[in-house]
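2 protein chains.
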Amino acid sequence: MIKRFTTTALVLGFCVSVFAQDAPDAAIVQKLRKEGLENSKVMDIAFNLTDVNGPRLSNSPGLKRAQDWAVKQLTDWGLKNAHLESWGTFGKGWQVDKYYAATTLPYYHAIIASPKAWTPGTNGPIKSSVVLIKADSVADLAKYKGKLAGKIVMMDAGAPLQSGLKPDFTRYADTTLAKMAEAKPMAPGARGGQRPGGANNMMAQMMKMREVRAAMSAMLVEEKVALILTYARGGQGTFFTSNGASYALDAKPVSPELEVVAEDYLHILRLLRAGKTVELEADIKTSFYDQDPQGYNVIAEIPGTDKKLKEELVMIGGHFDSWHAGTGATDNAAGSAVMMEAVRILKAIDFKPKRTIRIALWSSEEQGLFGSRGYVAKHFGDPKTMVLTPDQKKISAYYNLDNGTGKIRGVYLQGNAAAGPIFQSWLTPFADLGAKTITVSNTGGTDHQAFDAVGIPGFQFIQDPADYNTRTHHSNMDTYDRLVEDDLKQASTIVASFVYNTSQRDAQIPRK
Amino acid sequence: MIKRFTTTALVLGFCVSVFAQDAPDAAIVQKLRKEGLENSKVMDIAFNLTDVNGPRLSNSPGLKRAQDWAVKQLTDWGLKNAHLESWGTFGKGWQVDKYYAATTLPYYHAIIASPKAWTPGTNGPIKSSVVLIKADSVADLAKYKGKLAGKIVMMDAGAPLQSGLKPDFTRYADTTLAKMAEAKPMAPGARGGQRPGGANNMMAQMMKMREVRAAMSAMLVEEKVALILTYARGGQGTFFTSNGASYALDAKPVSPELEVVAEDYLHILRLLRAGKTVELEADIKTSFYDQDPQGYNVIAEIPGTDKKLKEELVMIGGHFDSWHAGTGATDNAAGSAVMMEAVRILKAIDFKPKRTIRIALWSSEEQGLFGSRGYVAKHFGDPKTMVLTPDQKKISAYYNLDNGTGKIRGVYLQGNAAAGPIFQSWLTPFADLGAKTITVSNTGGTDHQAFDAVGIPGFQFIQDPADYNTRTHHSNMDTYDRLVEDDLKQASTIVASFVYNTSQRDAQIPRK
Chain A
1 MIKRFTTTAL VLGFCVSVFA QDAPDAAIVQ KLRKEGLENS KVMDIAFNLT
51 DVNGPRLSNS PGLKRAQDWA VKQLTDWGLK NAHLESWGTF GKGWQVDKYY
101 AATTLPYYHA IIASPKAWTP GTNGPIKSSV VLIKADSVAD LAKYKGKLAG
151 KIVMMDAGAP LQSGLKPDFT RYADTTLAKM AEAKPMAPGA RGGQRPGGAN
201 NMMAQMMKMR EVRAAMSAML VEEKVALILT YARGGQGTFF TSNGASYALD
251 AKPVSPELEV VAEDYLHILR LLRAGKTVEL EADIKTSFYD QDPQGYNVIA
301 EIPGTDKKLK EELVMIGGHF DSWHAGTGAT DNAAGSAVMM EAVRILKAID
351 FKPKRTIRIA LWSSEEQGLF GSRGYVAKHF GDPKTMVLTP DQKKISAYYN
401 LDNGTGKIRG VYLQGNAAAG PIFQSWLTPF ADLGAKTITV SNTGGTDHQA
451 FDAVGIPGFQ FIQDPADYNT RTHHSNMDTY DRLVEDDLKQ ASTIVASFVY
501 NTSQRDAQIP RK
Chain B
1 MIKRFTTTAL VLGFCVSVFA QDAPDAAIVQ KLRKEGLENS KVMDIAFNLT
51 DVNGPRLSNS PGLKRAQDWA VKQLTDWGLK NAHLESWGTF GKGWQVDKYY
101 AATTLPYYHA IIASPKAWTP GTNGPIKSSV VLIKADSVAD LAKYKGKLAG
151 KIVMMDAGAP LQSGLKPDFT RYADTTLAKM AEAKPMAPGA RGGQRPGGAN
201 NMMAQMMKMR EVRAAMSAML VEEKVALILT YARGGQGTFF TSNGASYALD
251 AKPVSPELEV VAEDYLHILR LLRAGKTVEL EADIKTSFYD QDPQGYNVIA
301 EIPGTDKKLK EELVMIGGHF DSWHAGTGAT DNAAGSAVMM EAVRILKAID
351 FKPKRTIRIA LWSSEEQGLF GSRGYVAKHF GDPKTMVLTP DQKKISAYYN
401 LDNGTGKIRG VYLQGNAAAG PIFQSWLTPF ADLGAKTITV SNTGGTDHQA
451 FDAVGIPGFQ FIQDPADYNT RTHHSNMDTY DRLVEDDLKQ ASTIVASFVY
501 NTSQRDAQIP RK
């Protein structure tokens, strides 16, 4: 059984037993801090990823633009072999070419919404009364049969909004971090940590709604419904997109569908429940892209220079794809920009690493960590059979960032207790920047899991929650405005330092 | 000089010196509470004002619909002489018939915005690159001369957004209320209280921007600019509308203009500052209404029944008009609904008042308290000359509500210290509902000032701030969703009780 250790134990451990090699090099730390904190380009990178190139839905033109930009940028900084590498077959790309919808009865009101990903458009302007479908099952739909052709429909569901009694933006309190540091390793086979703020009651309710609606989907297509309005979680002009329709090349046809900001959805719902007539006009155009169904990751390297160790790897990454309603600033242009900035910093101080440093910007994380899983399967092994490649032994560690704009507060060890004292040591020069917590806990929901699944030390950093769960995660308001410059500078500097240390360390990071 | 009194003094004063007539009638209070808290219709009234009838911009069709509904509803409840009464000439009505705008370069993105009130449409779909105007003065505009025809333009101004470190929704702390209670009367001639959260730095900056732009306005019209984009205060999908263009019948022509949510405005601004091309398409249609330039208030009465006192009046009111981007739920469907509900409650308990009770739902408050000032000028006197009508002596008090959805916490005495002990006594049965604070302070910015200006005791209640200043006041998110049912029930019940007490009191409310 893995020994429990606490922060105190770790600090003591560091004082008496950490290898000398894990004491950070003060001169290098100073260089990294100077470049990372005083000459940062992280906001410029983030600007290009978000404002300039736009949303980066898997296989969309926006993702391709951003990927091409990243390959060029990484090359311009002097990284080697920057390229797009296929991880396998994804499916269709998709983007919004036009979105317009408004109520025209009882009065004119333009609606805040977005087409649901991978849904078709309206094939020109439409106008129709809105039909409220009260159905808990497919059977309940019988009464609407033959009545829905050309109609705009919505389900009789949607939670009233709550007042904002708590701040949108929070940082971890010291007490919370202390609790994290005291976590025990999980028993083998136990389920890993949750991504912060994942499932909640609202989500559960929406999942149920979605199940019912999925069952209705074919019927609504058959009925030739003109448009479905769906309640989107959020409020106050912010709405969160949920999973879209199928992106498979052979996906069944679905109806056009909008995810509607809560205020506008509830407005229509209240009117229909009260028996009023609501009429809507809409004009939605979306495009599909199926010429190249392959999914691609951006890969680039700083080659290793040590005769023996240059065949070994340190990898860093984050997912590059996003949802489409915002520009995916915190999910995950932030993590991508930090990782790009980390390698820029290392090039800027003219670092010649012993081990090769490889950056990977994944795609299709949002559909199931496809980019990282595909990459790992190709390069390192199969997590089901645990048939591993020789390269699996040559990678020391993989570091990931994908929890928004919040600064780094520490590292999730993902159950790898032996890495704790090393990382604790590496964090010491950044205690003044708020990063000092090591937790043996897992965190889930993103790409380090692909590495962890084949026995490679894969880590995600602890980040301040910021407004990730309240405002930005998959929302239309996940824009450049939400990025906190100081936090991204801090994160870039710390990641650069971790990469530096991992590439120079005599031994690889210990494995579980 | 008016004597300073504190909460303690008031409570003591009440115990020893308040007229017996000001001790609330427990049986009546119970009836009012039962009807107001357990059989409330206030949310139904608010639903009709917001969801059903829509935004109520001065002289718009939406205002007319809501006014007609209110006249009918008040009549249905048994009020007498419910009618629309002109307060004077306003100008043109206006409404949005279509709003659509989106960037098409560097990529497609639909924009959250609203036409600025009383601006023209685009006369069909337009598409143009966006020109960034860097000008601090009209002189700076020379370099753009001849280059702006058909272009979409924006100013080089807009504050970066701040993270939400504080809750949107707040209630007054006991300490804040205690401080209010300890306020001293202002010296005669000193400026009255500010409306909560009025001017701040952002507003000041916007005022400056607006000044410059007002000076540019004629030039932009002359250049035949296709559309102006203006930064709207707010964020996260919420935007606050500012004053619109002129509604005068002989208003000079202005350019089409959008108030754009901060995220979308700053997105375009950052791209233009970086030298990128931004292209926009838009299709905006607005209508003007000038057939009847008169402004109207809704007026209705519960006639007095006391032989002598029925000639006297108790008035209550709130403004009925709103801005156009939301449905004016907290500004001021909330206050209007509470006042309507208060008279409904009084009718429901079959109250036969001694003095006549008159409800007034004002229009054009948002443009300068026109409805109430016009009414007061016609009925009670001229605040400039202080030539007063005989009716000025017959009105005991006017009570107003116009600070959002927050429950009543007490009363602003508006410097009328003599009314303090009376109101303190009237509040005692509502201490359990959080209403117990009397402050001698003024509060400004709304219709009780019209009465106060001609020497009539005019009061506005203290209300919890809720999310009035953070989210709703003049915003596109001022919707039914923002209304807090329990708070509106509480307010209706307390207002009904104040009206009851004022109508039955032997003497009128003392004057300043």
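Chains as they are written, first to last, in UniProt numbering: chain A, 1 to 512; chain B, 1 to 512. Glycine included, C-beta positions come from ideal geometry on N, C-alpha and C. Note that this is a predicted model, so its numbers are computed, not measured.
Which residues in the same chain have their Cβ closer than 7 Å to the Cβ of residue i, if we skip the five residues on either side of it in sequence?
{"i": "T141/B", "result": "Residue identity differs from the one stated: residue 141/B is Leu in this sequence, not Thr. For L141/B, where only same-chain residues beyond five positions count, the Cβ hits under 7 Å are A135, M216, M219."}
{"i": "M315/B", "result": "R358, A360, I395, Y398"}
{"i": "S364/B", "result": "S58, F90, G295, D321, F370, G371"}
{"i": "L249/B", "result": "G91, K92, D290, P293"}
{"i": "F169/B", "result": "A466, D467"}
Is there a Cβ from chain A that is less than 8 Å from the Cβ of residue i?
{"i": "K166/B", "result": "yes"}
{"i": "G54/B", "result": "yes"}
{"i": "H474/B", "result": "no"}
{"i": "H267/B", "result": "yes"}
{"i": "R273/B", "result": "no"}
Using only CA atoms, which one of the options lies nearest to residue i?
{"i": "P510/A", "options": "V454/A, K72/A, N416/A", "result": "N416/A"}
{"i": "A149/A", "options": "A157/A, V131/A, L258/A, D156/A", "result": "V131/A"}
{"i": "G91/A", "options": "Q162/A, G235/A, S246/A, V454/A", "result": "S246/A"}
{"i": "M155/A", "options": "T230/A, Y108/A, V42/A, D174/A", "result": "T230/A"}
{"i": "residue 540/B", "options": "G295/B, P256/B, E38/B, G121/B", "result": "Outside the shown range of chain B, which is 1 to 512, sits residue 540/B, and nothing can be said about it."}
{"i": "E85/A", "options": "Y375/A, R233/A, T502/A, A139/A", "result": "Y375/A"}
{"i": "T443/A", "options": "L105/A, G458/A, K34/A", "result": "G458/A"}
{"i": "G235/B", "options": "Q490/A, N501/A, Y480/A", "result": "Y480/A"}
{"i": "S441/B", "options": "N201/B, M180/B, Y144/B", "result": "M180/B"}
{"i": "E222/B", "options": "V254/B, A204/B, V212/B", "result": "V254/B"}
{"i": "Q490/A", "options": "I349/A, T405/A, I422/A, A110/A", "result": "T405/A"}
{"i": "K407/A", "options": "G54/A, N53/A, I494/A", "result": "I494/A"}
{"i": "G164/B", "options": "T470/A, E279/A, T104/A, Q504/A", "result": "T470/A"}
{"i": "V454/A", "options": "I462/A, H474/A, P383/A, D402/A", "result": "P383/A"}
{"i": "L177/A", "options": "T446/A, W362/A, G410/A, H319/A", "result": "G410/A"}
{"i": "M386/B", "options": "L32/B, Y100/B, I456/B, G121/B", "result": "I456/B"}
{"i": "E38/A", "options": "P120/A, F451/A, I345/A, P429/A", "result": "I345/A"}
Near residue i, which residues of its chain fall below 8 Å by C-beta distance, leaving aside the five closest residues on each side in sequence?
{"i": "I112/B", "result": "G237, F239, V260, V261, E263, D264, N476"}
{"i": "K347/A", "result": "W77, G78, L79, I302"}
{"i": "V71/A", "result": "A82, H83, L84, V298, A300"}
{"i": "K276/A", "result": "P106"}
Should residue i be flagged as near chain B, meaning a C-beta pair shorter than 8 Å?
{"i": "K512/A", "result": "no"}
{"i": "M339/A", "result": "no"}
{"i": "D350/A", "result": "no"}
{"i": "T230/A", "result": "no"}
{"i": "I112/A", "result": "yes"}
{"i": "F169/A", "result": "yes"}
{"i": "Q449/A", "result": "no"}
{"i": "P196/A", "result": "Since pLDDT at P196/A reaches only 46, below the 50 mark, its modelled position is unreliable, and the value read off the structure follows with that caveat. No, because no Cβ of chain B sits closer than 8 Å to the Cβ of P196/A."}
Which residues in the same chain as residue i place their Cβ atom closer than 6 Å to its Cβ, once the five residues preceding and following it in sequence are excluded?
{"i": "Q508/A", "result": "S396"}
{"i": "S492/A", "result": "G36, V42, V338, E341, A342"}
{"i": "S40/B", "result": "K489"}
{"i": "S497/B", "result": "L32"}
Closest Cβ-Cβ distance between residue i and chain C: below 8 Å?
{"i": "Q490/A", "result": "Absence of chain C from the displayed structure is noted, the protein chains being A and B."}
Inset, instruction - Kindly confirm or deny that the stretch 92 to 105 of chain A and the stretch 280 to 300 of chain A touch, where touching means at least three C-beta pairs closer than 8 Å. - result: yes
Legend entry - Entirely enclosed beta strand (DSSP E) segments - the stretch 346 to 386 of chain B, minimum 3 residues: 356 to 362
Legend entry - Segment contact flag, the stretch 306 to 320 of chain A with the stretch 379 to 396 of chain A, C-beta cutoff 8 Å, min 3 pairs: yes
Inset, instruction - Starting from the N-terminal side, write out each stretch of the beta strand (DSSP E) that is 3 residues or longer and does not extend beyond the stretch 422 to 451 of chain A. - result: 437 to 439
Inset, instruction - Decide yes or no for the touch test of the stretch 411 to 425 of chain B against the stretch 329 to 339 of chain B: beta carbon pairs closer than 8 Å, at least 3 of them. - result: no
Legend entry - Contained beta strand (DSSP E) runs [length at least 3] in the stretch 148 to 193 of chain A, N- to C-terminal order: 152 to 155
Inset, instruction - Output the residue ranges of the alpha helix (DSSP H) runs that lie fully inside the stretch 55 to 79 of chain A and measure 4 residues or longer, sorted by chain position. - result: 61 to 76
Legend entry - Runs of beta strand (DSSP E) lying entirely within the stretch 244 to 330 of chain B, each at least 3 residues, in chain order: 257 to 260, 279 to 289, 294 to 302, 313 to 319
Inset, instruction - Give, in chain order, every unbroken run of the beta strand (DSSP E) that is at least 3 residues long and sits entirely within the stretch 81 to 149 of chain A. - result: 93 to 105, 113 to 115, 126 to 133
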